[in-house]
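Residue numbers (the working numbering): 34 to 92.
This is the structure we're talking about:
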């Protein structure tokens, strides 16, 4: 018969998973996206037509 301790360990496990997901979503993803964006902005030497720029701004 499971003791309250096993339930407590399951509870703790669920919380650690939630905490991990929280960290992944709120910290790792923005950092990854920021790194990706900055690496993409390094390729800014490629000339972008002004028409594309204005259409993006209008959106």
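Don't be surprised by glycine CBs; every beta carbon is placed ideally from N, CA and C.
Small disclaimer: the values here were computed from a predicted structure and weren't measured.
Extent of the continuous alpha helix (DSSP H) run through residue i
i	result
residue 51	37-56
Residue-level contact to chain B via CB, residue i, 9 Å cutoff
i	result
residue 40	Of the chains in the structure shown, none is chain B; there is only one protein chain.
For residue j and residue i, the rounded distance between their alpha carbons
i	j	result
residue 42	residue 69	38 Å
residue 61	residue 49	16 Å
residue 58	residue 67	13 Å
residue 37	residue 53	24 Å
residue 92	residue 55	Residue confidence for residue 92 is low, a pLDDT of 48 falling below 50, so the modelled location carries little weight; the figure read from the coordinates is stated next. Near 31 Å, if we compare the C-alpha coordinates of residue 55 and residue 92.
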